[in-house]
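Colleague: First, the structure itself, so that you have it in front of you.
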Amino acid sequence: MFPHRIETTIAEKGVLHLESLPFESGDEVEITIHKQTAMPARRGKRTVGEYVGKIHMSDDFDAPLPDSFWLDGPD
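Residues in the sequence shown are numbered consecutively from 143, following our numbering.
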């Protein structure tokens, strides 16, 4: 699979023109269209130490996961 990303604006009457795509004639492709939305504005400036004591990492964070995690079965 060779992904290709392009950003464009929909023309009048919902028409979309795709030109100069990096595919050959006869290639089968899948097209998915997502409407872009504006990113929410940040609430304010971040402060150093703001989350001290609020985040916890388990002592076994780096331990291997059991087979049941990968095989979707009981432990």
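Beta carbons: idealized from backbone N, C-alpha and C, even for Gly. Keep in mind the model is a prediction, meaning the values are calculated, not measured.
#1: So, using beta-carbon positions, are residue 146 and residue 163 closer together than 8 Å?
#2: Just the Cα atoms here: how many angstroms apart are residue 207 and residue 200?
#3: Note the first and the last residue of the continuous alpha helix (DSSP H) segment covering residue 144.
Modeller: With the structure as the only source:
#1: yes
#2: 13 Å
#3: It is not in any alpha helix (DSSP H) - residue 144 carries neither H nor E in the DSSP assignment.
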